[in-house]
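Asks: Sharing a structure with you now.
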Amino acid sequence: MYLNTAAFLLGALITGLLCVVAVCGTEVEGYSRTEGAWILSLNKRRYSVDTIAECATKCNSETFFTCRTFMYDENDRECWTAAANSKTEQIMKRSSTALYERNEYLLECVNGIGKDYRGTKSRTKSGKLCQRWDSNYPHRPNVTPQTHPLADLESNFCRNPDGDHRGPWCYTTDPSIRWEPCNIHQCFSFTDECMVCNGEDYRGKISTTENGCTCQHWDSQTPHDHGYNPSILPGKFLEKNYCRNPDGSPRPWCFTTSPSKRWDFCSISRCTSELPTIIPEVNCVTGEGAAYQGTIAVTVTGKTCQRWSAQTPHKHNQNPENYPCKGLDNNYCRNPNNERMPWCYTTDPDTRWEYCNVPRCGAARGPATPPKEENCYEGNGSSYRGVTSETIGGKKCQIWSSMTPHRHEKTPEAYPNADLRGNLCRNPDGDQAPWCFTTDPKVRWEYCKLEKCPITSPGTRHSGAQNPPTATQTPPEEDCKVGNGETYRGPTSVTALGVTCQAWSAQTPHSHTSFTPEIHPTKGLEGNSCRNPDGDLNGPWCYTTDSNKKWDYCQIPDCVELKCGIPAIKPKRCVSRLVGGCEATPHSWPWQISLRNSAGTHFCGGTLIDPQWVLTAAHCLERSSRTSAYKVLLGIHTETATESSKQERRLEKMVLGPNRVDMALLKLERPAIINDQVQPACLPEKDYIVSSEAECFVTGWGETQGTGGEGVLKEEGFPIIENKVCNRPEYLNGRVQNYEMCAGYIEGGIDSCQGDSGGPLVCYAQGKFVVQGIISWGMGCANAMRPGVYVRVSKFVDWIDKTIKAN
């Protein structure tokens, strides 16, 4: 279901919560707020006011026109009232301005007979276009804006000025039919709860399933945890424990309060009113192609489509009875379940379904150039072609071809030369910097989290990419100590009294034999920096260059907090849709480790979660129960591990996960040195369930199946698939356990594979990368309908914490 402003207001209108000008923070009750927006309107007036509430009052008392919107500029304290809203006019980007739209003019449903309907429907129930209320052609009206000045008879919108029991109506532009009712469905009826189509817009209050189970509250994770979080999916109206359809199922459903029944459909009848009118797209598609009603009936590989009403060769529930509004006629390609584009089941018994090759409206011909690796922009960023998809406020960007949650005109078709692919930051309109619409319904757009490229000397080509350290570069160290500083490898080389340290290899002015680089090659005694080779409880020290003082302690501050999940080198965060993904920027995933056998051959991945602990899959340890059979490499990008930043550690202990779960903890023989190339990922909150809206990535050196980049670390963005969907018969058929999660593309083509096992699935949230999954198992690699399965780390944070503290 598309999230639009009208839908967003529906719950509030139903429950009667709308007031006139009451303000809560920056919200104005009775209005919907959009940050950074401005509306074009010929009818508007300017006022100087001090507060948003005063501006709302100006709109409510406007006499020159019907005020549907007001705009407030906080910097200049300017208030503009306007007759238009986002349903009738174009919204523009404008910094420091907030757009407030009156709810009653956004609602596209009626209460009762609809005397207060102020929406923009302008066709009758038979599809005829409405005549303007102030026009005398083709019909001379009895009802006009002059005879009914309070009925909002503007334009040609359906209205009910005379209280007709059939609801809103209009004069038609057909000379043979004077007037006709409009087909506008009821917002909500307490006496006649029903659903339209497959109930994606259902907002009723039924909270019992067809088998008599009480529904679990959507904001609860007990008794069933799930990814349908109301705060993350505001457009799905997951209120209390009411039946809803957030995932495009055949009808509304809910999780139940019965521990033995995870979820169940609800028994909700279909409304008797006529189905909504869909303006079809027959020759091309926009967005995800939900409105496509053309006659293409072959897939991208040339397979003939199976009829939607047939169950041979593939059984399914995407039939015309379950999806009456989706145009499932014959065997034509359609998109009934909000996939990326139109698709169909195929007549090939070995290929269940495939996408169809339906042309995109206005799409340019020719292959697309892959995104560049750019971490900065030049000029105003109009030429920026990098892969950043995050705003300065930390919000995820909306896909340019999507109209949810914000409708707009900055589409790939309208700006064919702007490279508006996916949700990548771009500057199609010549703004001052790259920007994007956000996935936050209340913030329309923001500039992106990018910096300007530094000015380079003439003739120098600047790519904006960060270079990996060379063999002559020393990885930067964090100049603080953990505990007594045995792992300290920072640059400080003076004592607490300011005396310069003697080199550890020198014997002048102080001769010594106990602590030299030759005797202690792993203690970091290469230069003259402070170290703690003997585990002194008071911290790092050094021999001094003062002949009267043989040695002294150094003043090294404690590391206040070990940072996790914030890589010093920015990752690409690519979504390439290839089995092998994109080649990662070196050291941009600094928690990724390579688990190797004693001979040094890579066979599994893992995640550094603490300087001395690694998280991996239990099945990676099946070859031997001896710690001496394994070693861990950190700080590498290539599988050959030739980088100077490489750290190698043997294992001190291996702890298998509880109850034979496919996870294990590895304790390193000594802590890793934390620097820009080696850093832990964050652990999740206990029992946290990742939403399908989350931005998640998998990394590894695994099998690429010929897609390139062999031998270097690869990365790929993966969507999370809710267990309810992943366990459907046509996918993994109930094999996924509660402590596991699915990620990947339903259509296949990209997946983690052999050699990736044990590695991380990390998700970006609140400015950090959190390890939410451990690569565990799958049915082949990158097969359609067979997404990868990951151990859900949030289910085991208590066990992880207890194990680390006990060892």
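Residue numbers (mature numbering (1 follows the signal peptide of the UniProt record, and there is no 0)): -25 to -1, 1 to 782. All residues carry an ideal CB built from backbone N, CA and C; glycine is no exception.
Touch check for the stretch 286 to 304 and the stretch 400 to 412: three-plus C-beta pairs under 8 Å?
Replies: At 8 Å Cβ cutoff, the stretches do not touch.
Asks: Grab me the residues of residue 16's own chain with a C-beta within less than 8 Å of its C-beta, minus the 5 sequence neighbours each way, in chain order.
Replies: Same-chain partners within the cutoff: 44, 57, 58, 59 and 64.
Asks: Mind checking residue 640: buried by the 16 CB within 10 Å criterion, or exposed?
Replies: That one is buried.
Asks: Would residue 567 pass as a contact of residue 669 if the rule is Cβ separation under 9 Å?
Replies: Cβ distance not < 9 Å, so residue 567 and residue 669 don't count as in contact.
Asks: Would you say residue 276 reaches chain D, if we count a Cβ-Cβ gap shorter than 9 Å as a contact?
Replies: No chain D is part of this structure, which consists of one protein chain only.
Asks: Just mark residue 541 as buried or exposed, buried being the case when its beta carbon has 16 or more other beta carbons within 10 Å.
Replies: It counts as exposed.
Asks: Flag this pair as touching only if the stretch 128 to 137 and the stretch 176 to 189 have three or more C-beta atom pairs under 8 Å; answer yes or no.
Replies: The stretch 128 to 137 vs the stretch 176 to 189: no contact.
Asks: Would you give the residue range spanned by the alpha helix (DSSP H) that residue 778 belongs to?
Replies: 772 to 781 is the extent of the alpha helix (DSSP H) around residue 778.
Asks: On a CA-only basis, which of 734, 422 and 226 is nearest residue 676? Give me that one, please.
Replies: Nearest of 734, 422 and 226 to residue 676, Cα basis: 734.
Asks: What whole-angstrom Cβ distance do residue 241 and residue 336 have, given they're in contact under 8 Å?
Replies: Not really, about 37 Å apart at Cβ, beyond 8 Å.
Asks: In whole angstroms, what separates the C-alpha of residue 119 from that of residue 33?
Replies: Straight-line Cα distance between these residues: approximately 26 Å.
Asks: One question on the structure: do residue 674 and residue 689 come within less than 9 Å of each other, judged by their Cβ atoms?
Replies: A contact, by the Cβ cut-off of 9 Å.
Asks: Check the DSSP bridge columns for residue 629 and list the partner residues they point to.
Replies: DSSP output for residue 629 lists 641 as bridge partner(s).
Asks: Go to residue 582, then tell me how far its beta strand (DSSP E) extends in each direction, as first and last residue.
Replies: It spans 577 to 585 - the beta strand (DSSP E) in which residue 582 sits, taken as one unbroken run.
Asks: Assign residue 449 to buried or exposed, taking buried as 16 or more other Cβ atoms, counted over all protein chains shown, within 10 Å of its Cβ.
Replies: Its pLDDT being 37, under 50, residue 449 is placed unreliably in this model, and the value from its coordinates should be taken loosely. So residue 449 ends up on the exposed side.
Asks: Any chance the stretch 69 to 82 sits against the stretch 7 to 15, with 3 or more Cβ pairs inside 8 Å?
Replies: With a cut-off of 8 Å, the stretch 7 to 15 and the stretch 69 to 82 count as touching, because enough Cβ pairs lie within range.
Asks: Nearest-angstrom Cα distance between residue 365 and residue 475?
Replies: The straight-line gap from Cα to Cα measures roughly 46 Å.
Asks: Are there 16 or more other CB atoms within 10 angstroms of the CB of residue 257, so buried, or fewer, so exposed?
Replies: Exposed: under 16 other Cβ atoms inside 10 Å.
Asks: Determine, using beta-carbon pairs with one atom in the stretch 620 to 633 and one in the stretch 587 to 601, whether at least three such pairs fall under 8 Å.
Replies: A contact exists between the stretch 620 to 633 and the stretch 587 to 601.
Asks: Could you work out which residue in 235, 191, 455 and 27 is closest to residue 228 when comparing CA atoms only?
Replies: It is 191.
Asks: Evaluate the contact criterion for the stretch 389 to 406 versus the stretch 259 to 276: three or more CB pairs, one atom per stretch, below 8 Å.
Replies: Taking 8 Å as the limit for Cβ pairs, the verdict is that the stretch 259 to 276 does not touch the stretch 389 to 406.
Asks: Report back the beta-carbon spacing between residue 642 and residue 201 to the nearest angstrom; my notes put them in contact at under 8 Å.
Replies: Contact doesn't hold; Cβ gap of about 34 Å is too wide.
Asks: Let me confirm a value: residue 493 is counted as buried when at least 16 other C-beta atoms fall within 10 Å, else exposed. Which label applies?
Replies: Classification of residue 493: exposed, given that the 10 Å Cβ count is below 16.
Asks: Helix, strand or coil for residue 863? Go by DSSP, reduced to three states.
Replies: Residue 863 lies beyond the range of the chain shown here (-25 to 782); nothing can be said about it.
Asks: Tell me, please, which residues DSSP counts as bridged to residue 156.
Replies: Its beta-bridge partners are 144.
Asks: I want to know whether the stretch 563 to 579 touches the stretch 600 to 619 - three or more CB-CB distances under 8 Å.
Replies: Segments in contact, yes.
Asks: For residue 558, does the three-state DSSP call read helix, strand or coil?
Replies: In this structure, residue 558 counts as strand in the three-state DSSP scheme.
Asks: Taking residue 421 as the reference, give the member of 598, 460 and 370 with the closest Cα.
Replies: Measuring from the Cα of residue 421, the nearest candidate turns out to be 370.
Asks: Going by DSSP in three states, residue 374 sits in which element: helix, strand or coil?
Replies: Here residue 374 sits in coil by DSSP.
Asks: Which parts of the stretch 8 to 87 are runs of the alpha helix (DSSP H), unbroken and 4 residues or longer, counting only runs that do not cross its ends?
Replies: As far as the stretch 8 to 87 is concerned, its whole alpha helix (DSSP H) runs of at least 4 residues are 27 to 35.
Asks: In whole angstroms, give me the CA-to-CA distance for residue 665 and residue 222.
Replies: Rounded to the nearest angstrom, the two C-alpha atoms are 15 Å apart.
Asks: Where residue 297 and residue 310 are concerned, what is the direct C-alpha to C-alpha distance, given to the nearest angstrom?
Replies: The straight-line gap from Cα to Cα measures roughly 14 Å.
Asks: Alpha carbon to alpha carbon, how far is residue 518 from residue 509? Give it in angstroms, no decimals.
Replies: Distance between the alpha carbons of residue 509 and residue 518 is about 13 Å.
Asks: Use the C-beta contact count for residue 710: other C-beta atoms within 10 angstroms, 16 or more gives buried, fewer gives exposed.
Replies: Exposed.
Asks: Leaving out five residues before and five after residue 146 in sequence, what residues of the same chain have Cβ atoms less than 6 Å from its Cβ?
Replies: Answer for residue 146: 106, 114, 116 and 154, listed in chain order.
Asks: Do you know how far the Cα of residue 619 is from the Cα of residue 350?
Replies: Roughly 24 Å between the two C-alpha positions.
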